[in-house]
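Residue numbers (this note's numbering): 84 to 318.
Think of the CB as a built atom: it goes at the ideal place given N, C-alpha and C, for glycine as much as any other residue.
It should be emphasised that the depicted structure is a prediction, and the values quoted were computed from it without experimental measurement.
Everything below concerns the one structure shown next.
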Ligand SMILES: *Cc1c(COP(=O)(O)O)cnc(C)c1O
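Put into structure tokens, the structure is as follows:
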């Protein structure tokens, strides 16, 4: 068994165990293998071990990978979204995780209309209200939600967060709970279903699942440590 295959099976077992603790169906959790900084070959290995969803955070790096690898992989863009990259992003990726303003959403809607496509998106929430991080502050999201829901080309799957760095996985729990509570309150206030929560990474995906994550973004626990930094929020 290759190392990636082995890691994947460990992560899958941990996901299953977390689901069991939370009395959740294991199929309610989507594992996104975050392949940023890793070569095509690593992605291919994971794919051969049954992994379908992959996450990338830089378009320049992702574009050749997406073209080189089999067409039945699904790609999630988890990086910061730059306005001038939107046209390319929504054509290359199945899901965009980090839409964080009405202005950006409106622009994405416009381009999608032009292209005749219906991008699936997450709204990123800056749940710890940190200056260094992208994402909506929760109050602004509430103020813009009604207009966001009116954008006909965008399918809002749910909310995404990257919680403040803490000493251990347990420290992230309060942030995951806060994101779920925001989801629940938006659903009631706007009478809509916002079904998904993208939260949890290598260090804390089990806690995220216990608190309702539907999409976990796991990189290093599958592919190993990243050997160089990518610019953006996370290395
Ligand atoms: C890199 C990255 C991840 C994966 O991080 P790991 O700690 O390697 O699992 C998850 N989410 C985002 C937004 C990232 O940029």
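In this structure, does DSSP put residue 296 in helix, strand or coil?
coil
Extract the residue ranges of the beta strand (DSSP E) inside the region 92-142, only unbroken runs of 3 or more that lie entirely within it.
113-117 and 136-139
Report all residues from its chain with a CB closer than 8 Å to the CB of residue 98; omit the five preceding and five following residues, and keep chain order.
109, 112, 114, 288, 289, 292 and 299
Please list the terminal residues of the continuous alpha helix (DSSP H) segment that includes residue 164.
Per DSSP, residue 164 lies in no alpha helix (DSSP H) and is assigned neither H nor E.
DSSP three-state label for residue 238, please.
Correct three-state label for residue 238: strand.
With burial defined as no fewer than 16 other Cβ atoms inside 10 Å of the residue's Cβ, what is the status of residue 90: buried or exposed?
buried
Is the region 144-159 touching the region 118-136, taking contact as three or more C-beta pairs under 8 Å?
yes
Within its chain, find whatever has a CB closer than 6 Å to the CB of residue 314; leave out the 5 residues flanking it on each side and keep chain order.
Annotation note: pLDDT 47 at residue 314 (below 50); position unreliable, coordinate value reported separately. Same-chain partners within the cutoff: there are none.
Do residue 205 and residue 162 have their C-beta atoms closer together than 8 Å?
no
Inter-residue Cα distance where the pair is residue 124 and residue 274:
45 Å
Residue burial classification, residue 96 (beta-carbon count within 10 angstroms, cutoff 16)
Classification for residue 96: exposed.
Local Cβ density within 10 Å of residue 84, reported as buried at 16 or more and exposed below that
exposed
Tell me the residue span of the beta strand (DSSP E) that contains residue 279.
279-281
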